Structure formats: structure tokens, C-alpha cells
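In this note's numbering, each residue's number is its place in the sequence shown (first place is 1) plus 612. Using N, Cα and C, we set each Cβ at its ideal position, and we do this for glycine too. All figures in this text were calculated on a predicted structure; none of them were measured in a lab.
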Amino acid sequence: MASFACIAYVLERAADIMLGDHTLDPEQALTRAIWGDQPAHCDDCGQQARYQVAARAVELHYASATFGPFDGLRSVDLAHIPTGSARSTAREVARLFRQVEDWSHQNVEGSDLDEVAQLMWGQAHAVELARCS
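Written out as C-alpha cells, the structure is:
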């Protein structure tokens, strides 16, 4: 299970870390955000699950923005996203996830973390589309 608020917090922290230390790649920043000195304090998911869901959400959003909503959703790896793009993508995904949390206050459950990330990302986009309609 993962909460939108928890993943949003992790992504905001990772973006702040990337802004403060330009030598870090996105994976290092996300690792520091989760296992560093200001980790998310929630019991929704473990740290490894938090890392996987957050990384996959950034990958999905970056691929969607770069290649289109249906092309390449599985082809982008966090390690291959430029730091500046990863930072802005992390902030945007955090913003989308905060909207879902404000709207529904729910968690997403599942044992397949890739699927959980896809469900969360899809729901965040649906909320954004409904909000903009």
C-alpha cells in the first residue's frame, strides 16, 4: 500500500535535494530523500516500496510528457532522465499526487509495485483532467 501524500513528500524532498546538490543523479537524490535525515514518517509502505513507487511514477510521467501518453511508458529508466528534467518531473508528480490526496484521502494497495505506481499515476492524471474540465 502507498499513500499519495507519502510519495508526494518523497518526490518533493528529492527535487529539493537535486536543487541543492547538482552532482547527484535522480536515483541518488531519491535514495537520500527516503533514507536521509528527513524521511517520510508514514506507515503506509516500507522504504523500498516507497522508492520503487516514486521512481516509477517519475519514469511514467517523464515518458508521457516526452514521448506521448501511449508511447514508451516502459522504456524510460530513472537513471537515464537528465537531472533537471527529473527534478521538474518529480515536482509535477508531487503536485498531482497532492491533488489526489486533497480530493480523496486514499491509498493504493497491491503487491506489484509497478502496478501500484501506474494506478497512482493514472489516478493523478484523471483528477487533473477532471479539475481542468
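Segment limits, alpha helix (DSSP H) that includes residue i
{"i": "C731", "result": "The sequence given here has Leu at residue 731, not Cys. Note, L731: alpha helix (DSSP H), 725 to 744."}
{"i": "Q664", "result": "659 to 679"}
Distance CB(residue i)-CB(residue j) smaller than 9 Å
{"i": "R662", "j": "Q730", "result": "no"}
{"i": "V728", "j": "V720", "result": "yes"}
{"i": "E639", "j": "A706", "result": "no"}
{"i": "Q659", "j": "W647", "result": "yes"}
Residue environment, residue i, which counts as buried when at least 16 other CB atoms sit within 10 Å
{"i": "R699", "result": "buried"}
{"i": "L690", "result": "buried"}
Inter-residue Cα distance where the pair is residue i and residue j
{"i": "G722", "j": "Q711", "result": "21 Å"}
{"i": "C657", "j": "P651", "result": "12 Å"}
{"i": "D633", "j": "R743", "result": "34 Å"}
{"i": "V622", "j": "L631", "result": "14 Å"}
{"i": "L741", "j": "F679", "result": "19 Å"}
Beta-carbon contacts of residue i that lie in its chain and below 6 Å, excluding the five residues immediately before and after
{"i": "N674", "result": "One point to set straight first is that residue 674 is Tyr, not Asn, in the sequence displayed. Excluding sequence neighbours, Y674 sits near V688, I693, T701."}
{"i": "F709", "result": "F616, I619, A620, A736"}
{"i": "A677", "result": "none"}
{"i": "R703", "result": "A627"}
{"i": "L725", "result": "A661, Q664, V665"}
Close Cβ partners of residue i (< 7 Å) along its chain, the five nearest in sequence each way excluded
{"i": "I629", "result": "L636, A641, R644, A645"}
{"i": "W733", "result": "A669, L672, H673"}
{"i": "C654", "result": "S615, C618"}
Contacts around residue i, its chain only, beta-carbon distance under 8 Å, and the 5 residues preceding and following it disregarded
{"i": "E713", "result": "S615, F616, A617, A620"}
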